[in-house]
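Quick notes on the structure that follows.
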Amino acid sequence: MIGFSVRSRWLRAALLTACTVPTAATVRAQSLRPDADPRIEQLVASVSLQRLQATATTLAGFGTRGTLSDTLSTTRGIGAARRWIYNEFTRVSSKLLVSYDRHLLAQQGRISREVELVNVVAVLPGKSTRRVYVTGHYDTVNSRRLAGADATATATAAPGQPLARPAIDNDADAPGANDDGSGTALTMELARVFAESGIDFDATLVFVTWAGEEQGLFGSMAHASALRNAKGVVEANFNNDIVGSSLGGNGIVDGESVKIYSLGPEDSPHRALARYVQRVAGTYVPSHTIRLMAREDRFGRGSDHSSFTANDFPAIVFREANENYERQHSPDDKLEGMDFRYLAQNARVNAASAASVALAPPAPRVTTGGGSATLGRGRSGYDASLQWQPSPGAVAYRIYSRDGWTNDWQKSQVVGNVTQLLMPNVSIDDYVFGVAAIGADGNESVISAYVSPVRKMTDVLLKK
Ligand SMILES: [Zn+2]
16 MIGFSVRSRW LRAALLTACT VPTAATVRAQ SLRPDADPRI EQLVASVSLQ RLQATATTLA
76 GFGTRGTLSD TLSTTRGIGA ARRWIYNEFT RVSSKLLVSY DRHLLAQQGR ISREVELVNV
136 VAVLPGKSTR RVYVTGHYDT VNSRRLAGAD ATATATAAPG QPLARPAIDN DADAPGANDD
196 GSGTALTMEL ARVFAESGID FDATLVFVTW AGEEQGLFGS MAHASALRNA KGVVEANFNN
256 DIVGSSLGGN GIVDGESVKI YSLGPEDSPH RALARYVQRV AGTYVPSHTI RLMAREDRFG
316 RGSDHSSFTA NDFPAIVFRE ANENYERQHS PDDKLEGMDF RYLAQNARVN AASAASVALA
376 PPAPRVTTGG GSATLGRGRS GYDASLQWQP SPGAVAYRIY SRDGWTNDWQ KSQVVGNVTQ
436 LLMPNVSIDD YVFGVAAIGA DGNESVISAY VSPVRKMTDV LLKK
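Per my numbering: the sequence shown = residues 16 to 479.
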């Protein structure tokens, strides 16, 4: 950024500091990785592989958790499953406020009859009402097994003439150990470790196991839409869908990395959240590699984080490194395909990230009321002049920057409890800037980036 290159990140940051004139007296250079908070280290260490395994085993034991499966049996079907999840949330801690989030869904698409969708929600109240979500879907599907007439018709259909929408046999086995027993078990385990941690979080933690994902994200969409109508504030949604196997269908094993997909553009709040997880995991779970994907999800596939992004809430989805498509949506999605050591690592990454966001102040606002970035060229016309709104609970801010053609932050400096910074002779055309808020205990918020208006320049010029 300032016309010279040095190898050491620390030295580079220190030089950057020396060459800029912040409005605060206190400036110090730091690594891009946050310092460890011992409380978060303890929380991450309390994630239990055995509990994850036991939970996934019970979930798979319901035979099917299909959206249209039996709701009356105490041992099989989605009704038994959700009552068990509710009871588990209730049993692990009296601090969790547990509820059924019910939505009546009319017959449509892959929903062959009217059905009540029931999300199971566990809330750990924080000091503020801003919410951090950890989620997975507990419904399953066996799309290989078709219902009677459709099975016959499909079997006798001429080649190239498949049925438009064959009916699924809702009572067929769909154990869903990995899809999404893995995300459900992770969500339930984090509810336990957060509630038992004794940590007084600033944000309210919300742990949800969704229904109706397999037919079109219905449970999460109903929840997120209602939340938006109620003007709820969501800081983050960490969605987990298929995160429990390290062995791909192609035979490749990778138990050391996990993928995160996030909706763009480059500096969307979703991408900011994805980068945040990568930095936080580097501090708390350094043995696990976070692979960021600049896509909303895999090709032609989706999950419940999209219900949040559709309602303008920051959201990402975790996906295992190598999937086995043969086991998905089939009676073969069994426990034997799982790697609980791997699932535990993914749970630790989620735990560190959610705890860090929930302990940090909210991300600072870097726009005017009208939505324009509060970034200018200063009095000289050639400086970078950054301004931001004060974030409740912040004692300092960290300024990030990167070259305009790169996709992740390269440099940072901590400034004091101020709300502006002047960087002489730094062009706002050539670099991207962001600001994060730091709380009294050192935890840092997600970075708010200064984004130029999404308008084509011809539109701007023609308006004149
Ligand atoms: Zn899924």
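The C-beta atom is built at its ideal place from N, Cα and C for all residues, glycine as well.
Query raised in the report: For ligand 1, is there a heavy atom less than 7 Å away from the beta-carbon of His-152?
Result: Within the sequence shown, numbered from 1, the residue matching residue 152 stands at position 137. At least one heavy atom of ligand 1 sits closer than 7 Å to the Cβ of His-152.
Query raised in the report: Where does Gln-65 land, buried or exposed, given buried means 16+ other C-beta within 10 angstroms?
Result: As a working note, residue 65 is residue 50 in the sequence shown. Gln-65 should be labelled exposed.
Query raised in the report: Cα separation between Pro-407 and Pro-377?
Result: The residue labelled residue 407 in the question sits at position 392 within the sequence shown. The residue labelled residue 377 in the question sits at position 362 within the sequence shown. Each residue's Cα considered, the two are about 7 Å apart.
Query raised in the report: So, helix, strand or coil for Tyr-276, using DSSP?
Result: The sequence position of residue 276 within the sequence shown is 261, counting from 1. Secondary structure at Tyr-276: strand, using DSSP grouped into helix, strand and coil.
Report task. Answer with buried or exposed for Gly-419, where buried requires no fewer than 16 other C-beta atoms within 10 angstroms of its C-beta. Result -> Sequence index remark: in the sequence shown, residue 419 carries index 404 (1-based). Exposed, by the Cβ-count rule.
Query - Residues surrounding ligand 1 [beta-carbon distance to nearest heavy atom under 5 Å] - result: Those residues, listed in chain order, are Asp-194, Asp-195, Asp-256.
Report task. Going by CA-CA distance only, name the one from Ser-387, Thr-70, Pro-468, Val-461 that's closest to Gly-259. Result -> As a working mapping, residue 259 is identified with position 244 in the sequence shown. The residue with the shortest Cα to Cα distance from Gly-259 is Thr-70.
Query raised in the report: Do Leu-201 and Leu-358 have their C-beta atoms closer together than 8 Å?
Result: In the sequence shown, counting from the first residue as 1, residue 201 sits at position 186. In the sequence shown, counting from the first residue as 1, residue 358 sits at position 343. Yes, Cβ-Cβ distance for Leu-201 and Leu-358 is below 8 Å.
Requested in this report: Entirely within the segment 344-383 and at least 4 residues each: give me those alpha helix (DSSP H) ranges in chain order.
Outcome: Runs of alpha helix (DSSP H) with 4 or more residues, each lying fully within the segment 344-383, are found at 355-374, listed in chain order.
Query - Pairwise C-alpha distance: Gly-297 and Asp-195 - result: By one-based count along the sequence shown, residue 195 stands at place 180. By one-based count along the sequence shown, residue 297 stands at place 282. CA-to-CA, the gap between Asp-195 and Gly-297 works out to about 26 Å.
Query - Segment contact, 8 Å Cβ cut-off, at least three pairs: the segment 441-448 with the segment 316-334 - result: Short answer: they don't touch.
Query - Option nearest Asn-102 by Cα separation, candidates Arg-125, Val-135, Val-130, Ser-127 - result: Taking the sequence shown and counting its residues from 1, the one referred to as residue 102 is at position 87. Distances from the alpha-carbon of Asn-102 to those of Arg-125, Val-135, Val-130, Ser-127 put Val-135 closest.
Query raised in the report: Where Glu-459 and Arg-48 are concerned, what is the direct C-alpha to C-alpha distance, given to the nearest angstrom?
Result: Within the sequence shown, residue 459 is the residue found at index 444, counting from 1. Within the sequence shown, residue 48 is the residue found at index 33, counting from 1. Straight-line Cα distance between these residues: approximately 10 Å.
Report task. Kindly list the residues whose CB is nearer than 6 Å to the CB of Ala-170, restricted to its own chain and excluding five residues on each side of it in sequence; keep chain order. Result -> Numbered from 1 along the sequence shown, position 155 holds the residue referred to as residue 170. Caution is warranted here: a pLDDT of 48 is assigned to Ala-170, below 50, making its placement in the model unreliable, and the coordinate value is therefore given only provisionally. Once the five neighbours on either side are set aside, Ala-170 has no close Cβ partner at all.
Query raised in the report: How many Å lie between Gln-122 and Thr-150 at the Cα?
Result: Here the question's residue 122 lines up with position 107 in the sequence shown. Here the question's residue 150 lines up with position 135 in the sequence shown. Going by the C-alpha atoms only, they are around 26 Å apart.
**Report entry** Rounded separation between Asn-185 and Val-430 - CA only
**Finding:** The residue you call residue 185 lines up with position 170 of the sequence shown. The residue you call residue 430 lines up with position 415 of the sequence shown. Taking the straight line from one Cα to the other gives about 58 Å.
Query - Backbone secondary structure at Val-466 - three-state DSSP - result: Within the sequence shown, numbered from 1, the residue matching residue 466 stands at position 451. In this structure, Val-466 counts as coil in the three-state DSSP scheme.
Query raised in the report: Any idea what DSSP makes of Phe-233, helix, strand or coil?
Result: On the sequence shown, position 218 is the one that residue 233 refers to. Taken through DSSP and simplified to helix, strand or coil, Phe-233 comes out as helix.
Query raised in the report: Which runs of the alpha helix (DSSP H) fall wholly inside the segment 177-233 and span at least 4 residues, in chain order?
Result: Residue ranges of uninterrupted alpha helix (DSSP H) with 4 or more members, entirely inside the segment 177-233 and ordered along the chain, are 196-211.
Query raised in the report: Would Ser-158 pass as a contact of His-285 if the rule is Cβ separation under 8 Å?
Result: Reading the sequence shown from its first residue, position 143 is the one you call residue 158. Reading the sequence shown from its first residue, position 270 is the one you call residue 285. Not closer than 8 Å, so no.
Query raised in the report: Which stretch, first to last residue, makes up the alpha helix (DSSP H) that contains Ile-55?
Result: Within the sequence shown, residue 55 is the residue found at index 40, counting from 1. Here the alpha helix (DSSP H) through Ile-55 covers 53-60.
Query raised in the report: From what residue to what residue does the beta strand (DSSP E) around Phe-253 run?
Result: The sequence position of residue 253 within the sequence shown is 238, counting from 1. Residues 249-255.
Query - CA nearest to the CA of Leu-119, picked from Leu-374, Gly-234, Ala-137 - result: Translated into the one-based positions of the sequence shown, residue 119 becomes position 104. The option with the nearest alpha carbon to Leu-119 is Gly-234.
Query raised in the report: Which residues in the same chain have their Cβ closer than 6 Å to the Cβ of Ser-212, if we skip the five residues on either side of it in sequence?
Result: Position 197 of the sequence shown, counted from the start, is the residue given in the question as residue 212. The residues are Leu-58.
Query - DSSP state of Thr-473 mapped onto helix, strand, coil - result: What you label residue 473 is simply residue 458 of the sequence shown in a count that begins at 1. Helix at Thr-473.
Query - Short Cβ contact (8 Å threshold) for Arg-117 with Val-130 - result: In the sequence shown, residue 117 corresponds to position 102, counting from 1. In the sequence shown, residue 130 corresponds to position 115, counting from 1. No.
Query raised in the report: Given Val-466, which residues of its chain have a CB within under 7 Å of its CB, disregarding the five upstream and five downstream residues?
Result: The residue given as residue 466 occupies position 451 in the sequence shown. Taken in chain order, the residues that qualify are Asp-282, Ala-388.
Query raised in the report: Tyr-446 by DSSP, collapsed to three states: which one?
Result: Stepping through the sequence shown from its first residue, residue 446 is reached at position 431. Three-state DSSP puts Tyr-446 in a strand.
Query raised in the report: Which of helix, strand or coil does DSSP assign to Tyr-148?
Result: Walking along the sequence shown from the start, residue 148 turns up at place 133. Correct three-state label for Tyr-148: strand.
Query raised in the report: Start and end of the beta strand (DSSP E) containing Thr-118?
Result: The residue you call residue 118 lines up with position 103 of the sequence shown. In the sequence on display, residue 118 carries His and not Thr. Its beta strand (DSSP E) spans residues 112-120.
Report task. Measure the CB-CB distance between Phe-77 and Ala-96 and report whether it falls below 8 Å. Result -> Along the sequence shown, read from residue 1 onward, the residue named residue 77 stands at position 62. Along the sequence shown, read from residue 1 onward, the residue named residue 96 stands at position 81. Their beta carbons are under 8 Å apart, which means Phe-77 touches Ala-96 by this criterion.
Query - Contacting residues, own chain, Cβ-Cβ under 7 Å from Gly-270 (five flanking each side not counted) - result: Residue mapping note: residue 270 aligns to position 255 of the sequence shown, counting from 1. Excluding sequence neighbours, Gly-270 sits near Ser-261, Asp-354, Arg-356, Tyr-357.
Requested in this report: Answer yes or no: do Leu-437 and Gly-393 have a C-beta to C-beta separation smaller than 8 Å?
Outcome: Sequence index remark: in the sequence shown, residue 437 carries index 422 (1-based). Sequence index remark: in the sequence shown, residue 393 carries index 378 (1-based). A contact, by the Cβ cut-off of 8 Å.
Query - Identified DSSP bridge partners for Gln-435 - result: Residue numbering aside, residue 435 sits at position 420 when the sequence shown is read from its first letter. BP columns for Gln-435 point to Gln-402.
Requested in this report: Apply the 10 Å Cβ neighbour rule to Arg-80 and answer buried if 16 or more other Cβ atoms are within range, or exposed otherwise.
Outcome: For the purposes of this step, residue 80 is identified with residue 65 of the sequence shown, where counting begins at 1. Sixteen is the threshold: when 16 or more other Cβ atoms of the shown chains lie within 10 Å of the Cβ of Arg-80, as they do, the residue is buried.
Query raised in the report: Measuring CB to CB, does Val-332 end up less than 8 Å from Asp-312?
Result: For this step, residue 332 is matched to residue 317 along the sequence shown. For this step, residue 312 is matched to residue 297 along the sequence shown. It is a contact, given that the beta carbons lie within the stated cut-off.
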